[in-house]
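These notes concern the structure reproduced below.
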Amino acid sequence: MKFNLVTIFVLFLLAQILLILPIFRRRPRDQQPRIWLAESLPLLLFGAVYVWMAMTAQRLWADDRYEGPSLTAMQVEVVGVQFQWYFRYPGEDATFGSTRPELVNAAAGNPLGLDLRDSEGDDDIVSSELVLPVGREVDLRLRAHDVIHGFFIPGMRLKENAVPGLTLHVHFTPETAGTYPILCTQVCGLGHGHMQARLRVLPAAEFADWLQAREGKRRAEEAAIKGGV
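So for the sequence shown, the UniProt record's numbering puts the first residue at 1; every next one is plus one.
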């Protein structure tokens, strides 16, 4: 982005120089001299305004697009898998447990490949819907297991790709409680049209109750899995 803006700016300056140079060329003596100020001043003014707008727009875009989330932002991992969205919460310790590709087994209840030997993942919560508290900033960490998926929440005007091998971040603050559809905007296979989920934005108290219930369910599932090993 920065390279493109700089390139366009340089080309613009070059074009303006080529336009201004003829003004300073020596005129034939028999030609009536023109009024330089009257002809050149509008061009110079428009050029200065254009340069100012370009530089201001770049700064505003950078401030809005590249400002990172706050330190208190809620962390949620988003994982795209043909043809399903999964959402992982770090639990009470606010730390995600490690994952291993060879452990991915949706049929066995481990669609993200959580490493059960990592104690930091004992309280991780995996959900098929994204549930967030209203008015709190959230930092989404996007990953993909297989192909590129397009994570899109139309109601939040939020879109970012989930790319295999990369972890991309996007942050926002849901301001209105409600239910919003989540879509995939990248054609990811025959089941692409079915790759949908939903976002539920709840009041803080209701979100705390939901999270507590999921943590209890997670502990019970973890105990059952470890007990069966």
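Idealized CB from N, CA, C, for every residue including glycine.
Whole angstroms is fine: what's the gap from residue i's alpha carbon to residue j's?
i	j	result
P42	S128	60 Å
Q186	G193	10 Å
M74	Y50	40 Å
W61	G178	29 Å
G165	L19	49 Å
Q16	I148	42 Å
L111	N105	For the record, residue 111 in the displayed sequence is Pro; it is not Leu. Their Cα atoms are separated by approximately 5 Å.
I153	Y180	7 Å
M53	I23	25 Å
Short check: CB of residue i to CB of residue j, under 7 Å?
i	j	result
F172	L183	no
S98	D118	yes
L130	F87	yes
G80	A144	yes
Q58	L11	no
Just list the residues that DSSP pairs residue i with in beta bridges.
i	result
L13	Answer is none; L13 lacks a bridge partner.
D139	Q75, H171
I153	L158
C188	According to DSSP, C188 bridges with nothing at all.
A144	G80, P164
L130	L199
Excluding five sequence neighbours on each side, which residues of the same chain lie with their C-beta closer than 7 Å to the C-beta of residue i?
i	result
G191	Q82, F83
A213	none
Less than 8 Å between C-beta atoms, sequence neighbours within five positions excluded: which residues of the same chain meet that for residue i?
i	result
E137	P69, S70, T72, A73, M74, H171, F172, T173
T167	R141, L142, R143
G155	G178, Y180, P181, L199
By the three-class DSSP mapping on this structure, what secondary structure does residue i have?
i	result
T7	helix
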